[in-house]
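Chemist: Residue numbers (our numbering): 478 to 1236.
We put the CB at the ideal spot given by N, CA and C, even for glycine.
Below you'll find the structure I mean.
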């Protein structure tokens, strides 16, 4: 009597006393000779004979358990027992076998015998290879597979001496060249069959191929440096200010009205022209504000009349824009732009008590706004309801005390440096405001008008306009159950020496930009700045938080300061700051651009994970025949996670089947289409929420990224679709109400985002 077993896509047939399993890769033939069992294993043309038949707990993981969704075997991952040159081995007798069905989509797991149960009373052998639950359950609901040798209710059998326990990454798959361990002898072709306790799963923790439980596997890195693409030759206006608007998925760009010119004439529907000077009959018939379609690059004209030069902005709970301040007649203005079809600006020139030129606008926990600082405005005030006006602002001595003035040698007049305009202001998770101006910072309670704590000085130079460094509130890590105090770090990078503006503006001597970063933990009572060095100095740069939690440093110059003609040496090389990596390994230079992006540049994170780059005007007006002309070209930069080689890892959010309105502290559902067999909340799976930034002059107002707690993942709710249950942020202190871009990030690769509203 004999029979054969073929282990991949088997065809079963019976012929007389023989039973056959057949497939193209390998087969097993069982036969009885002289009343003794004999086993013949065949892998292609290689055979081993007289092996003991498999035990009931023998494990042999079929190909899908390690390919896990990579189609066409494009990564050449060795198949267990396959006929490949690098892995001709076969499962050892001690390996535990599960059929392909046991890890396929939608399997409940009820048919998998439990170790030590009534249906499977056989104990693991001493050399048995064991895997924790996720390595064979693939995260599918109902797969309550006991852990080998564990003292659980369903598996009371203790582990035996020599029993090998493999961590979850043992069946993960990855890219070629990631040092896949070779079976058997360790030689290249590996002709020796594995020993009874040998692990036959290739280990590639740099990329898990979708088998849940690989919680030691982090972001995939391929060496890809990103890609630049030119998407428009004419943005219509110089993108001095920019923000992505929800509901319509368009980028609002605007500059200043002072020059009464742009590259986009007012269309007939926006007529008549704005009468700038009725006495002298001076008109302005140009657009100074446009909506840029991120898919088609088409422009939609908007009409604005008050001067928005160096103004501020932020989004309301309903996703509409509120802009404040500007120049001269625009300095006390509050403006409103709704995202409805054909909506245009509404302007209220007397809304603010103090002029707000180079001020910072911040969204508060209740969705309202506060505006801080500005030239000659050492104060703050809350933005009043639409159509109302403030009578008085609130004095903040810190802003006065951080102003720099310079008296040149032999000159009786002082030179105004300032170095504290456009202060960096971030809402801390405890509801206080972190305010950074020049080189000093405080935690401030605006409701009590009280400085809660002054933080140490960040030495090295000045960081705010015109020294113009960069700052972000680093991603806030949340959990299903959060502590009362939620930690948060602030990063401040680049800038210039405190007197650099004087030498750049009066003598055209351009000092090197600062090349250091300071990072501080806001919630630590005795926190200190921890310094790091960037690959190069940068002034007037932008920092954009990416969906992964890393920070993109882009734009700017290597010497000089902000202001017209006050910088040289464009910094064309973006830098990735890996915020979750250990200090000393956080910076990575990316693919260089070719277009100088200096004074008045901007950057915007898009739903597809690309970063839109626009603007740059170092001139007093629209000038094109100078060294650094007014820049109207628009580009998109693709960060390393958009490497085409990683496309299979990208999840697709099913917007119509996901929750788009969420509530503080409540669970919500995000459904994704996936090429992965299953996802696991303990794997490198993140759900992140990004608040769109209002970017101008190297400052990104209201930018924040939240890494949400993942409650659970229900895999294959229908084939190829997984349901992620996440926990919304606990309060408006952590995430002010309004619209966010929500991404699902898997192995460091973000999905295309969907808009969610939290309130």
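Here's the rule I'm using: 16 or more other beta-carbon atoms within 10 Å means buried, otherwise exposed. How should residue 696 be labelled?
Modeler: buried
Chemist: Give a yes or no on whether the C-beta atoms belonging to residue 746 and residue 752 are separated by under 9 Å.
Modeler: no
Chemist: Does the Cβ of residue 711 have 16 or more other Cβ atoms within 10 Å, making it buried, or fewer, making it exposed?
Modeler: exposed
Chemist: Please report the straight-line C-alpha distance between residue 1049 and residue 1070, rounded to a whole angstrom.
Modeler: 5 Å
Chemist: My output table needs one value for residue 835: the three-state DSSP class, helix, strand or coil.
Modeler: coil
Chemist: What does DSSP give as the partner residues of residue 1036 in its beta bridges?
Modeler: 989, 1045
Chemist: When you compare the CB positions of residue 840 and residue 849, do they come within less than 9 Å of one another, or not?
Modeler: no
Chemist: Quick check: what's the CA-CA separation for residue 869 versus residue 830?
Modeler: Note on geometry: alpha-carbon atoms of residue 869 and residue 830 lie some 5 Å from one another.
Chemist: Nearest-angstrom Cα distance between residue 986 and residue 1041?
Modeler: 14 Å
Chemist: From 1038, 895, 865, pick the residue whose C-alpha is nearest to that of residue 878; which is it?
Modeler: 895
Chemist: Count the other C-beta atoms from every protein chain shown that fall within 10 angstroms of the C-beta of residue 1145, then say buried if there are 16 or more, exposed otherwise.
Modeler: buried
Chemist: Quick one: Cα of residue 1242 to Cα of residue 1105, how far?
Modeler: Residue 1242 lies beyond the range of the chain shown here (478 to 1236); nothing can be said about it.
Chemist: If you drop the 5 nearest sequence neighbours on each side, which residues of the same chain put their C-beta closer than 6 Å to that of residue 917?
Modeler: 879, 934
Chemist: Tell me the DSSP secondary structure of residue 1130 in three-state form.
Modeler: strand
Chemist: Out of 854, 1007, 1029, point me to the one whose CA is closest to residue 932's CA.
Modeler: 1007
Chemist: Just to confirm my understanding: we take residue 1166, look at its own chain, exclude 5 residues before and 5 after, and list those with CB closer than 6 Å. What are they?
Modeler: 1183, 1217, 1219
Chemist: Do you know offhand how far residue 1137's Cα is from residue 1229's?
Modeler: 14 Å
Chemist: Buried or exposed: where does residue 645 fall if 16 or more other Cβ atoms within 10 Å of its Cβ makes it buried?
Modeler: Here the model assigns residue 645 a pLDDT of 36, short of 50, so the residue's position is not dependable, and the following value carries that caveat. Burial call: buried.
Chemist: Determine the extent of the beta strand (DSSP E) in which residue 1220 is found, giving its start and end residues.
Modeler: Start and end: 1215–1223.
Chemist: Can you give me the C-alpha to C-alpha distance between residue 436 and residue 1057, rounded to a whole angstrom?
Modeler: No information on residue 436 is available, as it lies outside the stretch 478 to 1236 that the chain covers here.
Chemist: State buried or exposed for residue 960, treating a residue as buried only when at least 16 other CB atoms are found within 10 Å of its CB.
Modeler: Result: exposed.
Chemist: Check each candidate in 1025, 923, 1032, 1038 and name the one with the smallest Cα separation from residue 973.
Modeler: 1038
Chemist: Does the Cβ of residue 964 have 16 or more other Cβ atoms within 10 Å, making it buried, or fewer, making it exposed?
Modeler: Answer is exposed; the Cβ neighbour count stays below 16.
Chemist: Work out the CA separation of residue 1128 and residue 1223 for me, nearest whole Å.
Modeler: 7 Å
Chemist: Run through DSSP, which three-state label would residue 1015 get?
Modeler: coil
Chemist: Within the same chain, show all residues whose beta-carbon is closer than 8 Å to that of residue 1188, passing over the 5 residues directly before and after it, in chain order.
Modeler: 957, 1144, 1158, 1202, 1203, 1204
Chemist: If we count the other Cβ atoms within 10 Å of its Cβ and call it buried at 16 or more, is residue 1101 buried or exposed?
Modeler: Exposed: under 16 other Cβ atoms inside 10 Å.
Chemist: Leaving out five residues on either side along the sequence, give the residues of the same chain with a beta carbon under 7 Å from the beta carbon of residue 834.
Modeler: Hits under 7 Å: 787, 802, 803, 804, 808, 851, 852.
Chemist: In angstroms, rounded to a whole number, what distance separates the CA positions of residue 1213 and residue 844?
Modeler: 6 Å
Chemist: In this structure, does DSSP put residue 1099 in helix, strand or coil?
Modeler: In the three-state reduction of the DSSP assignment, residue 1099 falls in the coil class.
Chemist: Do you know how far the Cα of residue 714 is from the Cα of residue 764?
Modeler: 7 Å
Chemist: Spatial neighbours of residue 789 within its chain, please: CB distance less than 8 Å, with the 5 preceding and 5 following residues excluded, ordered by chain position.
Modeler: Closer than 8 Å at Cβ, skipping near neighbours: 800, 801, 802, 833, 836, 837, 838, 848, 1171, 1173, 1178.
Chemist: From this set, 1235, 1112, 1180, which residue's C-alpha is nearest residue 706's C-alpha?
Modeler: 1112
Chemist: So is residue 1073 buried or exposed if we call it buried at 16+ other beta carbons inside 10 Å?
Modeler: By the neighbour-count criterion, in which 16 or more other beta carbons inside 10 Å mark a residue as buried, residue 1073 falls on the buried side.
Chemist: To the nearest angstrom, report how far apart residue 1017 and residue 1095 are at their CA atoms.
Modeler: 11 Å
Chemist: Would you please state the rounded distance, in angstroms, between the beta carbons of residue 728 and residue 1081? I believe it to be under 8 Å.
Modeler: By a beta-carbon distance limit of 8 Å, residue 728 contacts residue 1081. Their separation comes to about 5 Å.
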